[in-house]
Structures are given as C-alpha cells and as structure tokens.
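Numbered according to the numbering used here, the first sequence spans residues 25 to 525. Below is one structure, written out as structure tokens, with a few remarks after it.
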Amino acid sequence: MALALYNTLTRRIEPFQPLAPPRVTLYSCGPTVYNFAHVGNFRTFLFVDLLRRWLEASGYDVFHIMNLTDVDDKIIKAAGERRTSIDDLVKPFIDAFFEDRDYLRIVPAHVYPRATEFVEPMIRLVQGLLDKGVAYRGEDGSVYFGIARFPAYGRLSQLDTRELKIGASGRTSADEYDKDNAQDFVLWKAARPEDEAVSAAWDAPFGRGRPGWHLECSAMALELIGQRYQTQVLDIHTGGVDLIFPHHEDEIAQSCAFTGQDLFAKYWLHGEFLNIRGSKMSKRFGNITTARDLKADGVEPAGFRLLVFQTHYRQQLDLTDEALTAAREGARRLGDFADRFDTASVTKPDPTSPWAGLAATLANEFAAALDDDLNAPRAVAAAFEFVREANRLLDERIAPTPAAKTAWDAVDRVLAVAHRAQARAEIAASALDADPAALGDQVPEDPAARLGWASRWSARRATAKRSRDFALADQIRVRLKEAGFELRDRRDGSAELVDRR
RNA sequence: GGCGCCGUCGCCAAGUGGUAAGGCAGAGGUCUGCAAAACCUCCAUCCGGCGGUUCGAAUCCGCCCGGCGCCUCCA
C-alpha cells in the first residue's frame, strides 16, 4: 500500500511519487492577514495538517512552506482607513493566526514567508517575464501577464478561456485595469497615492508599484526551494478549491513561463469549503465564525478536528451545532480512552495476545485509509473500532501489548482528535475528611487549585458514603458536576474524579 | 452560457460493480446505593425519482427532481 493523492492537475487519484524522495516540498497557500482567519480557512489548513502529518508518519522528509499575504487590496484599504502602515495593520493578525494555529494543534510550517519580505525575488520574476516577452507594461504603468503567450494556460482549471464569463462573479469589472486581454492578470500594479500612504509601494526597474496577488506564491516558492534544494518544481501545492482559478492557474503560468519547466508543482491538492448552516461564510451573511469564536464557546480543538476529519477533504462540510456537539462527544470518548490507555500497564510483546490482532488491524486499516487520498473518515472509523475493542479488553483486565500502544500512538499523533480530560484525580475508598474550613464554596480558577478543591469535596463525600449518608453524597456529586467535574464511583468505594472543564 | 460537485439510517458521514464502515442521538441490558464511564444487544433488505446496461448497481449510462461551488485577486 502506498500513498495516492487526487491531483487537480489530472483530475485523477495518482500514486504519490515525489521528485526526489524522501524529500517532499510542500507549499500551502496561507491566509491574507487583514483579519482573523475563520473556521473555513482553518478547515483547509487542517487538511494540510493531516497531509503534513501523514507524509511525515510515512517517512518523508517534508519541507513545508506557508505564505502570509500581507499586501493586497483589502489590506491597503483597511490600513488607509485606519491611517496606519500595512505592516502595523497586519502584525496583530499574524500573531492571532499563529495562536489559532496552535490552539487547533496544527503543526507549524517550517517557514512562513511574508510577501513584503520577498519583493526582490518578485521583481526578478517580473523582470524575467518581461525579458521573455510574456509580460508587458500597460499604459497605466502596471505589468501584465499575457496569457496568449502561454499556450498551457487553463490546464489546471480546465476552463476554456473563451468561455470565461467576464465579471460573472460580480466581484470585478472588466474595465478595472488597462489590459490587452480581459483574461490577462496583473503581475505588478503601478503605485497609487493610496498605496504610498500605507507604505505599500516599492521601486522596480519597470516602475514603482506593488506585487499582484499571484506573484508572491511563485516568487517565494521558487526562491525558497531554489535556495534550499536547487530545484524549480514543488512536489505538492495546496489551497482551497476557490484558488484553483484564477490564483493557481496564474501561478502556474508565471512560474512555468519563468523557469521553462513543464510543472510548477507536481501535485495540486485542493480542499473543499466549509459552510455554515448550509451557506458559504461571507461578510454579507454575517456568518463568519473564527477559530477564536470556537475557543470562546469552549469548543475543544480535538472536537473541531474530529468534526473536520469525519468528512473527506474534497467534500463540502456543513458546520452545524448538532454536528459540532456530536463531534465533541466523540472526541471526549476518544480522549477518555486515550487517558485510560496511557495509564494501562503493558505486557511483554506477545503475538498470541488478543491485542496483537487489534493492533495490526488498526495499523493496516489506518494506513490504508490515509493512503487512499487521505480518507480521514475511514481512518477515524478505524480508530473508533479499535477503541471499542480495546476498552473491552481493558474491562476484562487483559493488559495491552507494546504493539497495541505503538499502533494507537501513531493514530493519535496523526489525527490528534482525542480530547483528554483537563485533569484527573484518584479518590481512595478510605479518603478522610479534610478540615471543613478548607472545603470552600468558591471554585478556584487555577486548574491545580480546582482539582484540589474538588478532591477535598470528593473525600468528604467518600466519608459520607461510608456512613451511608447518601443524601449528602448526592448533593456533593451535584455540586461537583456544576463545577465541571465528573465523579465515577467504583465498587470498592474508591472513585475517579475527572475535570471536564 | 462554461467548468465541476453533491443527494446513503433521526442528524453527520465512508463506501463508487459483488450484495450497506464509523460517529452522534435513541431503545433494552451488564455493572451500580445513586450517577457516570465502559461494554453487550437492537437501530437503512436499502442508498432522491424513473428507465437502461449487467449474472449482479448505492456504485456504470440516460433523463428528471433537489442542493451547492467556481467563472480574475475569497481557504
């Protein structure tokens, strides 16, 4: 079994064969940092996270680049309104993006190049295209890419260029720029006073201006993989489906025209959209949900990850309260198992143990699922089946083998969908009452103090149970539940205290 | 108008020619002073509709119905 991925370029699932294994160069289109990234953005980044983790788990040596678009129309507009530079505008959003990324347990890329830090390579790229005659200066001073000079144009999006309905999206007007051909795209935009006002203009041999949107990805990718590996072709390029056209189409055009290579990236992977209650997120509908909103609502990252991974990355995903609740409960169950499994003592390797077959099934099914174009829903199903069987064996007090632990850990490492409890404490059957003054009605904020508080109450309850004062015991249970604690009694009178907050 | 996707259990969602994974919810049970957790059993003879191809179709083809995306700067 080997990894196969759906390649937008060929519209087929292809065996994954990197250009120079075990190295894999991975370029991901990142956020435009003029606002907080929303859950739709993060769905795409989670798909990339899964790809990254699975490539590494499969033994590849991945070099992962994710760009940050820190200069574009919206950023310039916002900076102008706030009378600040684009750099000052963007900084807090970059910080926020990294915070959100960490919150969602997304493995950081190796580099996060910012467009404004790569203006020199961009200028070289534009100059190269001018020299080759595929780019031209418009009368407005901007530089455009002439798609008529690049026969392969349209290969990725499979759009017949003659059929493009100009302005069909309603987002632009055809006469917005001074172009030879309506489908030509801008490489370098001549500087306007608004750009100068927010420090979004650079000198170039072909005129002062700023980069067009598509330019940065080509320039940064070529620069970074060129420096590091002396190559001009990426193994994988990722993004959301909306980037297929025109963004990625244009990247290919300008990159390949510049390098003379047939490919800019060997594999193009695109993640589908996440919608909210049936419709696309947009400012117009006022239905933008950010990662911070999830955090504020107390949604555990594992729950959100599970929700995302329970749908294949090439299928649209509808975010609803019910779906989120269901995923959170699933993540909780996986987390409870993970905690339990972590603390279970292990036997020596034993091929005759019932764990042996379980471990093998999990490892095989998990790998087969992800190798099949990152079929995460199937991989998740394998995890759940393992958890059910494993819980049964643990219930029967059959200790797991090292192989079982290894298999589960690998799954947990790639998916990270198990929501472990904040904290747990053991309450002995013989627990003694604490000093009544130490009990306290107020639940402390500090996590350790919280657990201490709940433990003392649990001890109080244990003594109440011993004296068969069940009314008091139940009262304490209710009070602990309200504070976010779950108490699991055992037959022997001991109990486990779980912090669910 | 062009390119493309989807419609599978109450909800979510795999499966894309060989006779329906998984999750959540629900019902019953084991355990239990109670309550959880965990486990066991049950929960789609059927995959939007109608035709067709085939020994065999949720899976292929056609038509219809319904939902959605992209078509120049949105992940």
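Built from N, CA and C at the ideal position, the CB exists for glycine as well.
Does the Cβ of residue i have 16 or more other Cβ atoms within 10 Å, making it buried, or fewer, making it exposed?
| i | result |
| --- | --- |
| Asp155 | exposed |
| Lys115 | exposed |
| Asp436 | buried |
| Val167 | buried |
| Gly191 | Reliability of the predicted coordinates at Gly191 is poor, the pLDDT of 48 falling under 50, and no value is obtained from them. |
| Thr425 | buried |
| Gly83 | exposed |
| Ile300 | buried |
| Val135 | exposed |
| Lys290 | buried |
| Thr56 | buried |
| Ile37 | exposed |
| Ala530 | Lying before the first or after the last residue shown, residue 530 is absent from the chain, which here runs from 25 to 525. |
| Ser306 | exposed |
Rounded to the nearest angstrom, what separates residue i and residue j at their Cα positions?
| i | j | result |
| --- | --- | --- |
| Ala198 | Arg329 | With a pLDDT of 41 at Ala198, under the threshold of 50, the modelled position of that residue is not reliable, and the figure given next carries that caveat. Going by the C-alpha atoms only, they are around 40 angstroms apart. |
| Leu258 | His294 | 15 angstroms |
| Glu353 | Thr262 | 31 angstroms |
| Asn31 | Ser181 | 12 angstroms |
| Ile130 | Thr313 | 18 angstroms |
| Ala519 | Asp266 | 52 angstroms |
| Ala453 | Asp73 | 45 angstroms |
| Gly194 | Leu398 | For Gly194, the predicted model reports a pLDDT of 46, less than 50, meaning its position is unreliable and no value from the coordinates is stated. |
| Ile268 | Gly54 | 14 angstroms |
| Pro373 | Ile422 | 13 angstroms |
| Arg252 | Pro270 | 28 angstroms |
| Leu521 | Glu450 | 6 angstroms |
| Phe117 | Arg77 | 25 angstroms |
| Val404 | Phe390 | 8 angstroms |
| Gly284 | Val143 | 22 angstroms |
| Ala392 | Ala81 | 13 angstroms |
| Ser109 | Phe69 | 28 angstroms |
| Leu341 | Thr335 | 7 angstroms |
| Glu218 | Leu343 | 38 angstroms |
| Ala473 | Glu409 | 37 angstroms |
| Arg107 | Trp212 | 24 angstroms |
| Asn388 | Asp363 | 23 angstroms |
| Ala478 | Thr487 | 14 angstroms |
| Arg485 | Ile500 | 6 angstroms |
| Gly250 | Thr140 | 19 angstroms |
| Leu298 | Ala103 | 29 angstroms |
| Asn205 | Arg173 | 11 angstroms |
Return the Cβ separation of residue i and residue j in integer angstroms, given the expectation that the two are a contact with Cβ distance under 8 angstroms.
| i | j | result |
| --- | --- | --- |
| Thr93 | Glu240 | 7 angstroms |
| Ala326 | Gly359 | 6 angstroms |
| Phe361 | Ala414 | 7 angstroms |
| Leu511 | Leu504 | 6 angstroms |
| Pro132 | Arg138 | Not a contact, Cβ separation roughly 15 angstroms. |
| Thr385 | Ser377 | Not really, about 13 angstroms apart at Cβ, beyond 8 angstroms. |
| Ala315 | Phe66 | 5 angstroms |
| Pro46 | Asp96 | No, Pro46 and Asp96 are not in contact; Cβ-Cβ is about 36 angstroms, not under 8 angstroms. |
| Ala347 | Leu331 | 6 angstroms |
Closest by CA to residue i, which one among the options?
| i | options | result |
| --- | --- | --- |
| Phe60 | Met146, Asp317 and Pro229 | Asp317 |
| Asp274 | Arg179, Arg234 and Ala225 | Arg179 |
| Gly508 | Lys101, Ala445, Trp292 and Thr349 | Ala445 |
| Arg448 | Ala434, Leu348 and Pro471 | Pro471 |
| Phe288 | Glu247, Ile451 and Thr367 | Glu247 |
| Arg492 | Asp433, Leu504, Gly517 and Arg421 | Gly517 |
| Gly157 | Ala281, Ala44 and Glu510 | Ala281 |
| Ser482 | Gln466, Cys53, Glu144 and Asp513 | Asp513 |
| Ala28 | Val404, Trp292 and Arg412 | Trp292 |
| Ile276 | Val63, Asp112, Ala176 and Lys213 | Ala176 |
| Arg566 | Phe174, Asp208 and Met146 | Only positions 25 to 525 of the chain appear in the structure, and residue 566 is not among them; the question remains open. |
| Ala26 | Leu113, Leu79 and Tyr337 | Leu79 |
| Leu149 | Arg525, Ile99 and Pro235 | Pro235 |
| Arg524 | Arg356, Ala214 and Gln466 | Arg356 |
| Tyr337 | Ala428, Gly64 and Pro39 | Gly64 |
Does DSSP put residue i in a helix, a strand or coil?
| i | result |
| --- | --- |
| Ala320 | helix |
| Pro235 | strand |
| Tyr127 | helix |
| Glu218 | helix |
| Pro39 | strand |
| Ser482 | helix |
| Lys429 | helix |
| Ser223 | coil |
| Gly83 | coil |
| Ala457 | Note that residue 457 corresponds to Asp in the displayed sequence, not to Ala. Looking at Asp457 - three-state DSSP - the assignment turns out to be coil, as it is neither helix nor strand. |
| Ile422 | coil |
| Gly157 | coil |
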